[in-house]
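Trainee:
Okay, structure coming up:
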């Protein structure tokens, strides 16, 4: 099975603009950055979280903390674990009483988000958990909603949304296609 | 047809070691030979993540929620049993432990009947410690769940080797090219066997340090060097792995006395203080202070050895997770 | 031996008789227990016809080394089930070891076992006697009494154990020489084998099983050759398994020592690498050795150092094998796979000619056991008593221990595709195996 792209939905410039907007929305909603920490869900969520943190830093003069969360131990739908090891969770700051913005690339069934919330709560007691995603493609299986959405992309269940980032794929773009 | 060809016949179907032995959908860890070097590195990588769990205030993740694991210890062991038990519990699995004293095995019940009982109870994995080499493999014939070898006779102790490799890797930053000297009663040591196999797979070199009377036949063919001199080994090695020496070997004429053993093969204070470049000293525990290691040296290297114990839980979590992880429904890819 | 009035015609087989080689297609007529005529195109007037087309008609096989477990361990095997296994494997004579309970260490037990064989009537069952009382290795058993009883015991062995005390072995040989008896030695220096589970070497180390060093056997073999040369007693070395043992025997034979030996099919077929499965059916004593030892054993067979092929048929119940390796009993069954392994391993690979292999299963053991004392002949010739095995050397089959007539199924060859199968067996002029089916005794 390989991914066959049908259309490019976002290019690098689109993604930059979206992340800037999300950074502003986070600041607006939380009235500044003082209590905020970003936690990226491995793998691409981490890079998105770092970019947003940098953008917030440019606006506010101080970058919020960024943590890394691996949710594989919390998933209830694990399939392909043989290929890769369980990743490391690294959150070097106290999450108690903080506003944690979870960052992920695609919001789909909501199961990753649920796992991420479970994982986060095992690490402490945040005051609030918010969710920022680059793409929301619908088809939720759990009552979960993102606070910050880069772009809503209506899809069918058969389709796949592929997010590429400079840090992992050498290019920034979002495509839609199918596994064939 | 001519000669019964070993590769085409029933007996030797299993001659070939399957990487991470698959028997139908069930996977087992019976020997380090069940693992490829990639498998080993992946398990060690995962173990690093699981080590982090043990440092949290809530030392528990739901990865194996709803799974049942039986710890079947037909040979007494406190450390390994506790380690597996904690590993399972930190992954939210349900664990039942029975030991030789408490179980009916010692009353003459056969392993087969015990196995059938376990099957009837519907468990997902059996962790077995047994004084007979090959018992875990025998068990796989009778149970429909994963079997994990927690030490069988003088055969193997694969999770101990994995936690040892984990410790070496975390402390020294690499495994490939590492020079590891294993000192002591190699003949009776399943820990030594598993470590030799595992270290060879990841590209480390192994030097065995012991009198010939404590070395098993044909050990050279396992890809190791041999020396009778611990001083030579100390000059060479990055890791000095000491094995526990047992008094009963004296009555078996394996060496003359504990005193002589200490003199010839002990990590004495004199030997230790003489060293300019000190190797990482490891021990599977419990240490015989004053025999294979001087008490003063033991105190100095204590953190590494207790670190091995902590690593044990993480590595066993990784193994359980890999063999038993999650339901297999196709989930969303978000 | 009882005669039999039945007339049997073996049609179109190729006859092998030691010394005479293998003939072209020919018929063999048997009447009143005797081979009456060997000729082409014999008319079957009133005779039971056994089709032997494509088959070899051989003298019945003789196994010098089996364990029939009776008396005392009938749950593993008894003389009846052992006899059925024997004739299925083409054997008309089996010599059973005395490690029974009670052991065969006196005339009454020897006669009991011998008579049980006669009662079953499928093949000759000749008990070996123990060298020492109770197989205890301390005091000599009454060899003279056993030798002169109905069973006419000639072979004496403490098989399963060794006679540890060299002085006792020396005296046993001296006494045996006087009684014209044969000492069959299970050679093992037990101080070297204590707790041993398999051959000592790379594989025992890999598997973590306590090793049994070759030297344990070789020390015993050397001691017994020395004692045999000192006492001039006849010595037969049981189940030879190592390269060094073969060398010791080759040298002894060069010196014309009165020593003979046997190897088992499993020792010439299997090496210790098979043990990686921990299959307890591979646990035997002496253990399966290294590939180099197997090669040396094959050489010994080829150059005549090895006189006899014997199975060391050692039945054990399922629960004695279906257990942890170090708790399992030693031994495997062998009567019903012997011919197939001889053909598939020795003949097919050119180690021995078919005649050469058969000689080690007929003439040689008959000579060593002096079977002429029983009126037995290992030859197929007119006038000889009819003890005949008809087998198809090209018949391919897959070993399935559940089909064995032996009470025990402990064979590691399950699933092996092999060649060579016994079709008919005639014992004392009676068909005891016909088309691979054992025929019950005529009442």
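Residue numbers (our numbering), protein chains in the order written: chain A, 1 to 180; chain B, 1001 to 1334; chain C, 2001 to 2443.
All C-beta atoms in this analysis are idealised placements derived from N, C-alpha and C, irrespective of residue type, glycine included.
For residue 2445(C), is the classification buried or exposed, using 16 other Cβ atoms within 10 angstroms of its Cβ as the cut-off for buried?
Mentor: Nothing about residue 2445(C) can be reported from this structure: the residues present for chain C run from 2001 to 2443 only.
Trainee: Does DSSP classify residue 1023(B) as helix, strand or coil?
Mentor: Position 23 of the second chain, counted from the first residue, corresponds to residue 1023(B). Model confidence at residue 1023(B) stands at a pLDDT of 40, short of 50, so the residue's coordinates are unreliable; what they give is reported in the following sentence. Here residue 1023(B) sits in strand by DSSP.
Trainee: Following the continuous alpha helix (DSSP H) through residue 2202(C), name the residue where it begins and the one where it ends.
Mentor: By one-based count along the third chain, residue 2202(C) stands at place 202. Unbroken alpha helix (DSSP H) run through residue 2202(C): 2202-2207.
Trainee: Under the three-state reduction of DSSP, which class applies to residue 1302(B): helix, strand or coil?
Mentor: To locate residue 1302(B), count along the second chain from 1; it is residue 302. Three-state DSSP puts residue 1302(B) in a helix.
Trainee: With 9 Å as the C-beta to C-beta threshold (strictly closer), list the residues of the stretch 29-50 of chain A near chain B in chain order.
Mentor: none
Trainee: Under a CB-based cut-off of 8 Å, is residue 1042(B) close to chain A?
Mentor: As a first step, residue 1042(B) must be located in the second chain, where it is residue number 42. With 8 Å as the cut-off, residue 1042(B) counts as an interface residue toward chain A.
Trainee: Can you round the beta-carbon distance between residue 2308(C) and residue 2262(C) to whole angstroms, since I take them to be within the 8 Å contact cut?
Mentor: To locate residue 2308(C), count along the third chain from 1; it is residue 308. To locate residue 2262(C), count along the third chain from 1; it is residue 262. Confirmed, about 4 Å.
Trainee: With distances taken Cα to Cα, identify the nearest neighbour of residue 1027(B) among 1091(B), 1148(B), 1110(B), 1055(B).
Mentor: Locating residue 1027(B) in the second chain gives position 27, where the first residue counts as 1. The residue with the shortest Cα to Cα distance from residue 1027(B) is 1148(B).
Trainee: Please return the same chain residues whose Cβ sits closer than 7 Å to the Cβ of residue 1318(B), not counting the five positions on each side in sequence.
Mentor: The residue you call residue 1318(B) lines up with position 318 of the second chain. 1043, 1046, 1047, 1050.
Trainee: On the CB-based measure, 16 or more other CB atoms within 10 Å of its CB, does residue 2166(C) come out buried or exposed?
Mentor: Here residue 2166(C) is taken as the residue at index 166 of the third chain, counted from 1. Counting Cβ neighbours within 10 Å, residue 2166(C) comes out exposed, since fewer than 16 surround it.
Trainee: Output the residue ranges of the beta strand (DSSP E) runs that lie fully inside the stretch 1191-1240 of chain B and measure 3 residues or longer, sorted by chain position.
Mentor: 1205-1209, 1225-1227
Trainee: Count the other CB atoms, across all protein chains shown, that sit within 10 Å of the CB of residue 2138(C); report buried if there are 16 or more and exposed otherwise.
Mentor: Reading the third chain from its first residue, position 138 is the one you call residue 2138(C). Its Cβ having fewer than 16 others within 10 Å, residue 2138(C) is exposed.
Trainee: Does any heavy atom of the ligand SAM sit closer than 7 Å to the C-beta of residue 39(A)?
Mentor: Of the ligands one can find in the structure shown there are none, so the ligand SAM has no counterpart to examine.
Trainee: Just list the residues that DSSP pairs residue 2127(C) with in beta bridges.
Mentor: In the third chain, counting from the first residue as 1, residue 2127(C) sits at position 127. For residue 2127(C), which the question treats as bridged, DSSP gives the partners 2096(C).
Trainee: Kindly provide the ranges of any alpha helix (DSSP H) runs that are 4 or more residues long and lie completely inside the stretch 76-140 of chain A, ordered along the chain.
Mentor: As summarised for the stretch 76-140 of chain A, the continuous alpha helix (DSSP H) elements at least 4 residues long and confined to that stretch are 111-123, given in chain order.
Trainee: Beta-carbon of residue 1173(B) versus every beta-carbon of chain C: anything under 8 Å?
Mentor: Within the second chain, the letter at position 173 stands for residue 1173(B). Chain C contact via Cβ: absent.
Trainee: Check the C-beta distance from residue 98(A) over to residue 126(A) and give it rounded, since I have them as a contact under 8 Å.
Mentor: Reading the first chain from its first residue, position 98 is the one you call residue 98(A). Reading the first chain from its first residue, position 126 is the one you call residue 126(A). Contact flag correct, Cβ pair sits at about 5 Å.
Trainee: Mapping DSSP to helix, strand and coil, what is residue 2152(C)?
Mentor: As a working note, residue 2152(C) is residue 152 in the third chain. Residue state, collapsed to three classes: coil.
Trainee: Taking contact to mean at least 3 C-beta pairs separated by less than 8 Å, is the stretch 2062-2081 of chain C in contact with the stretch 2413-2420 of chain C?
Mentor: With a cut-off of 8 Å, the stretch 2413-2420 of chain C and the stretch 2062-2081 of chain C do not count as touching, because too few Cβ pairs lie within range.
Trainee: Listed in chain order, which residues of the stretch 99-123 of chain A have Cβ atoms closer than 9 Å to some Cβ of chain B?
Mentor: Contact residues of the stretch 99-123 of chain A toward chain B are 104, 105, 106, 107, 108, 109, 110, 111, 112, 113, 115, 118, 119, 121, 122, 123 (C-beta to C-beta distance below 9 Å).
Trainee: Exposed or buried, which one is residue 2211(C) when buried takes at least 16 other CB atoms within 10 Å?
Mentor: Residue 2211(C) sits at position 211 when you count from the first residue of the third chain. Residue 2211(C) is buried by the Cβ-count criterion.
Trainee: Expressed to the nearest angstrom, what Euclidean distance is found between the alpha-carbon atoms of residue 1082(B) and residue 1167(B)?
Mentor: Counted from its first residue, the second chain places residue 1082(B) at position 82. Counted from its first residue, the second chain places residue 1167(B) at position 167. When rounded, the distance between both Cα atoms is 19 Å.
Trainee: Leaving aside the five residues before and after residue 2447(C) along the sequence, list all residues of the same chain whose C-beta is less than 6 Å from its C-beta, in chain order.
Mentor: Nothing in the structure corresponds to residue 2447(C), since chain C is present only between 2001 and 2443.
Trainee: Verify whether the separation of the beta carbon atoms of residue 2227(C) and residue 2143(C) is less than 8 Å.
Mentor: Taking the first residue of the third chain as position 1, residue 2227(C) is located at position 227. Taking the first residue of the third chain as position 1, residue 2143(C) is located at position 143. Cβ distance not < 8 Å, so residue 2227(C) and residue 2143(C) don't count as in contact.
Trainee: Check whether the Cβ atoms of residue 2438(C) and residue 2116(C) lie closer than 8 Å to each other.
Mentor: Locating residue 2438(C) in the third chain gives position 438, where the first residue counts as 1. Locating residue 2116(C) in the third chain gives position 116, where the first residue counts as 1. Cβ distance not < 8 Å, so residue 2438(C) and residue 2116(C) don't count as in contact.
Trainee: Considering Cα atoms alone, identify which of 174(A), 169(A), 150(A), 149(A) is closest to residue 161(A).
Mentor: To locate residue 161(A), count along the first chain from 1; it is residue 161. Minimum Cα distance to residue 161(A) is reached at 174(A).
Trainee: Going by CA-CA distance only, name the one from 1164(B), 1113(B), 1124(B) that's closest to residue 1142(B).
Mentor: Reading the second chain from its first residue, position 142 is the one you call residue 1142(B). It is 1113(B).
Trainee: Is the Cβ-Cβ distance between residue 2159(C) and residue 2198(C) less than 8 Å?
Mentor: Your numbering for residue 2159(C) matches position 159 in the third chain. Your numbering for residue 2198(C) matches position 198 in the third chain. No, these two residues do not count as a Cβ contact at 8 Å.
Trainee: Whose Cβ in chain A lies nearer than 9 Å to the Cβ of residue 1063(B)?
Mentor: As a first step, residue 1063(B) is located in the second chain; it is residue number 63 there, counting from the start. Within chain A, the residues near residue 1063(B) are 72, 73, 74, 75, 78, 86.
Trainee: So with Cβ pairs under 8 Å, would you call residue 155(A) a contact of chain B?
Mentor: Along the first chain, one-based indexing puts residue 155(A) at 155. No, residue 155(A) does not count as interfacial toward chain B.
Trainee: Output the distance between the C-alpha atoms of residue 65(A) and residue 1155(B), rounded to the nearest integer angstrom.
Mentor: Position 65 of the first chain, counted from the first residue, corresponds to residue 65(A). Position 155 of the second chain, counted from the first residue, corresponds to residue 1155(B). So the alpha carbons of these two residues sit roughly 50 Å apart.
Trainee: List the endpoints of the continuous beta strand (DSSP E) containing residue 1127(B).
Mentor: The sequence position of residue 1127(B) within the second chain is 127, counting from 1. That run of the beta strand (DSSP E) goes 1125-1130.
Trainee: To the nearest angstrom, report how far apart residue 2196(C) and residue 2209(C) are at their CA atoms.
Mentor: Stepping through the third chain from its first residue, residue 2196(C) is reached at position 196. Stepping through the third chain from its first residue, residue 2209(C) is reached at position 209. Near 7 Å, if we compare the C-alpha coordinates of residue 2209(C) and residue 2196(C).
Trainee: On the CB-based measure, 16 or more other CB atoms within 10 Å of its CB, does residue 1152(B) come out buried or exposed?
Mentor: Here the question's residue 1152(B) lines up with position 152 in the second chain. With 16 or more Cβ atoms within 10 Å of its Cβ, residue 1152(B) is classed as buried.
Trainee: Tell me which same chain residues have a C-beta within less than 8 Å of the C-beta of residue 1(A), skipping the five on either side of it?
Mentor: Stepping through the first chain from its first residue, residue 1(A) is reached at position 1. Excluding positions up to five away in sequence, the list reads 179, 180.
Trainee: Give the straight-line distance between the Cα atoms of residue 1249(B) and residue 2401(C), rounded to the nearest whole angstrom.
Mentor: If you number the second chain from 1, residue 1249(B) lands on position 249. If you number the third chain from 1, residue 2401(C) lands on position 401. In this structure, the CA atom of residue 1249(B) is about 42 Å from the CA atom of residue 2401(C).
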